[in-house]
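Q: Shown below is the structure under consideration.
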Amino acid sequence: MQIQVPLCRATIEDDEVAAVVEVLRSGWLASGPRAAAFEEAFAQRVGARHAIAIESGTAGLHLVLAALGIGPGDEVITPSLTWPATANVAELLGARVVFADVLPGTLLLDPADVARRITDRTRAVMPVHYAGAPADLEGLRAVLRGRDITLVQDAAHAVGTRHRGEWIGGGAEPAVFSFHPIKNITTGEGGMVTVSDGPLAERIRLLRFHGITKDSWSRHQGRGGVRYEVLEPGWKYAMSDLHAALGLVQLGKLDRFNARRQHLAARYETLLGDLDVIRLPQAPPYPHTHAWHLYVVRLQLSRLVIDRDGFIGALGELGIGAGLHFTPVHLHHYYRRDGRYAPGDLPVTEAAGETILSLPLYPGMTDEEQDRVVAAVRAVTDRHRLREQGGTR
Ligand SMILES: Cc1ncc(COP(=O)(O)O)c(C=O)c1O
165 MQIQVPLCRA TIEDDEVAAV VEVLRSGWLA SGPRAAAFEE AFAQRVGARH
215 AIAIESGTAG LHLVLAALGI GPGDEVITPS LTWPATANVA ELLGARVVFA
265 DVLPGTLLLD PADVARRITD RTRAVMPVHY AGAPADLEGL RAVLRGRDIT
315 LVQDAAHAVG TRHRGEWIGG GAEPAVFSFH PIKNITTGEG GMVTVSDGPL
365 AERIRLLRFH GITKDSWSRH QGRGGVRYEV LEPGWKYAMS DLHAALGLVQ
415 LGKLDRFNAR RQHLAARYET LLGDLDVIRL PQAPPYPHTH AWHLYVVRLQ
465 LSRLVIDRDG FIGALGELGI GAGLHFTPVH LHHYYRRDGR YAPGDLPVTE
515 AAGETILSLP LYPGMTDEEQ DRVVAAVRAV TDRHRLREQG GTR
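Residue numbers for the sequence shown follow the working numbering, so the first one is 165 and each next one is one higher.
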């Protein structure tokens, strides 16, 4: 059967379309005034001193680590329950990723396990605000206090997340957001880096555009003449105005989108709460606002005669698009080479990696569509439940 309720769907309305058309007609499509306006609006929204728009969250993570001077000989601690980008960017810079485990309840980075894995080579720790719940920043800050290690927040899931009253992105540490179409707001592809440190922000901007002192928009406007200077090699990672125009409109709808996500998450909890084969997401024990980027449940496989991949496949046959966030990164070919990591190294992550699945969640999802998801989950559960006599279907 064709997928009828997808895992995600971006909400694009007439004003997004009009904003992009306006840029197309404006004569300036590359990074320019709209990207600058989006940066300003985003900084204001989260309370950041500096916001830097880039072409993807991955590019943002890459830039932050590069701007911090992380490279060969350095170690960067990340969770393994994440998208590969979190780890890959450190390896791309010649550093070595060290994976730490997550907490069994929330699946957020475990500060105690981070503490165990710190060495004198550790330069950065990168928590992921998994599914839109804030990582335990207070616990991580306590572990890092007095050490020369930067906390870099992978905030790809956290547009609209708060940790103890602080908007993610508004704190002292660098944070990196993603605006991929599955995320809470989208620019098609895109991301934002927020930082409080002025010189670090300047270096990120420099590396974002070839290591050149002046971007093309200022030269186009004739500001400071046409000459430019390469201070060091950089990348070409700035967000275009076409993408930023989308982002500006989407940012204005963030509260509405996230309120709808919140409503749907609460409804899942009510509608699935009695199912003994499914473990629902567990909220962090500290005050927070959850952005509900993803709704990740865990299967109690001992009560089923089907594995997680089979469960996702069975939902697909009923027209429901479920997802997997994520396959533990340390189990991928590259990270297992040379015996660096092996099954058993991160038990909580590995157990989650076998049992998690993400149910459809997006602002445009109707209650009726959600009811179909719930009915499909119940149907698959009924069909594949372990019966008394040992697993007859
Ligand atoms: C946890 C996490 N970090 C980083 C990224 C990378 O973001 P982008 O796709 O914008 O490069 C993603 C994207 O899905 C993600 O889920």
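Just so it is clear, CB atoms sit at the ideal spot from N, CA and C, and this is done for glycine as well.
Can you list, in chain order, the residues of its chain whose CB lies under 6 Å from that of E396, leaving out five sequence neighbours each side?
A: The residues are G375.
Q: Would you mind sorting P524 into buried or exposed? The rule is 16 or more other CB atoms within 10 Å of its CB.
A: The residue in question, P524, is buried, as its Cβ has 16 or more Cβ neighbours within 10 Å.
Q: Could you work out which residue in R309, A264, K378 is closest to R387 when comparing CA atoms only?
A: The shortest C-alpha separation from R387 is found at K378.
Q: Just tell me which of G354, V469, D284, W247 has its CA closest to the CA of H496.
A: It is W247 whose Cα lies nearest to the Cα of H496.
Q: Measuring only the C-alpha atoms, how far is P275 from R549?
A: Rounded to whole angstroms, P275 to R549 spans 36 Å at the Cα level.
Q: Nearer than 7 Å: is that true of the beta carbon of G221 relative to any heavy atom of ligand 1?
A: Within the cutoff, so yes.
Q: Does any residue of chain D have a CB that is nearer than 8 Å to the CB of N422?
A: Going by chain labels, chain D is absent from the structure shown, which holds only one protein chain.
Q: For V210 and V340, which I take to be in contact (beta-carbon distance under 8 Å), what is that distance rounded to the nearest angstrom?
A: So it is not a contact: roughly 12 Å between Cβ atoms.
Q: Do you know how far the Cα of Y401 is from the Cα of S220?
A: When rounded, the distance between both Cα atoms is 8 Å.
Q: Looking at the strands, I want to know which residues DSSP matches up with Q318.
A: Rather than Gln, the amino acid found at residue 318 in this sequence is Asp. Answer is V292, V340.
Q: Helix, strand or coil: which one does DSSP assign to T242?
A: The answer is strand: DSSP assigns T242 an E or B state.
Q: Using CA atoms only, rank isn't needed, just tell me which of L256, T222, P298 is closest to V357.
A: Of the listed residues, the one whose Cα sits closest to V357 is T222.
Q: Going by the C-beta, is H321 closer than 7 Å to any heavy atom of ligand 1?
A: Yes, Cβ of H321 sits closer than 7 Å to a heavy atom of ligand 1.
Q: May I ask you to report which of helix, strand or coil DSSP gives R557?
A: Here R557 scores only 43 on pLDDT, less than 50, and its place in the model should not be relied on; the value that follows carries that caveat. Looking at R557 - three-state DSSP - the assignment turns out to be coil, as it is neither helix nor strand.
Q: Could you give the distance in angstroms between the alpha-carbon of P170 and the alpha-carbon of V262?
A: Going by the C-alpha atoms only, they are around 34 Å apart.
Q: If you drop the 5 nearest sequence neighbours on each side, which residues of the same chain put their C-beta closer than 6 Å to that of Y459?
A: Only A429, Y432, L523, L525 meet the Cβ criterion.
Q: Could you give the C-beta distance for D440 and R467, rounded to a whole number, given that I count them as a contact under 8 Å?
A: About 6 Å separates the two Cβ atoms, so the contact holds.
Q: Counting pairs of Cβ atoms below 8 Å between the segment 232–249 and the segment 284–294, do you hit three or more?
A: Contact holds: three or more Cβ-Cβ distances are below 8 Å.
Q: Considering only DSSP beta bridges, list what S195 is partnered with.
A: Per DSSP, none; premise fails for S195.
Q: The beta strand (DSSP E) that contains R260, what's its start and end?
A: Segment 260–264, the beta strand (DSSP E) holding R260.
Q: Give, in chain order, every unbroken run of the beta strand (DSSP E) that is at least 3 residues long and sits entirely within the segment 468–555.
A: List check, beta strand (DSSP E) in window: 520–523.
Q: Going by the DSSP bridge assignment, what does V359 pair with across the sheet?
A: For V359, which the question treats as bridged, DSSP gives the partners H214.
Q: Enumerate, from N- to C-terminal direction, the unbroken alpha helix (DSSP H) stretches of 4 or more residues contained entirely within the segment 386–442.
A: For the segment 386–442, whole alpha helix (DSSP H) runs of length 4 or above, ordered along the chain, are 405–415, 418–436.
Q: Would the beta-carbon of T246 be found less than 7 Å away from any heavy atom of ligand 1?
A: The answer is yes for T246.
Q: Closer than 7 Å to a non-hydrogen atom of ligand 3 - does that hold for the CB of A336?
A: Annotation note on ligand 3: not contained in the displayed structure, which lists ligand 1 as its ligands.
Q: Taking 6 Å as the limit between beta carbons, can you name the residues of its chain near I520, skipping five residues before and five after?
A: The residues are V460, R462.
Q: Beta carbon of L273, beta carbon of A264: below 8 Å?
A: Their beta carbons are under 8 Å apart, which means L273 touches A264 by this criterion.
Q: Confirm the yes/no value for this check: CB of H494, any heavy atom of ligand 1, distance under 7 Å.
A: Answer for H494: no, Cβ out of range of ligand 1.
Q: Taking the alpha-carbon positions, what's the T175 to D284 distance?
A: Approximately 46 Å, taken between the alpha carbons.
Q: How do the segment 300–312 and the segment 484–500 stand: do at least 3 beta-carbon pairs fall below 8 Å, yes or no?
A: Contact fails: fewer than three Cβ-Cβ distances are below 8 Å.
Q: By how many angstroms is the C-alpha of F421 removed from the C-alpha of G528?
A: Their backbone Cα atoms lie some 8 Å apart in a straight line.
Q: Starting from V181 and walking both ways along the beta strand (DSSP E), at which residues does that stretch end?
A: Careful: V181 lies outside any beta strand (DSSP E), inside the alpha helix (DSSP H) at 178–190.
Q: Just to confirm my understanding: we take H454, look at its own chain, exclude 5 residues before and 5 after, and list those with CB closer than 6 Å. What are they?
A: Taken in chain order, the residues that qualify are G296, A297.
Q: How many angstroms separate the CA atom of L435 from the CA atom of T325?
A: Straight-line Cα distance between these residues: approximately 24 Å.
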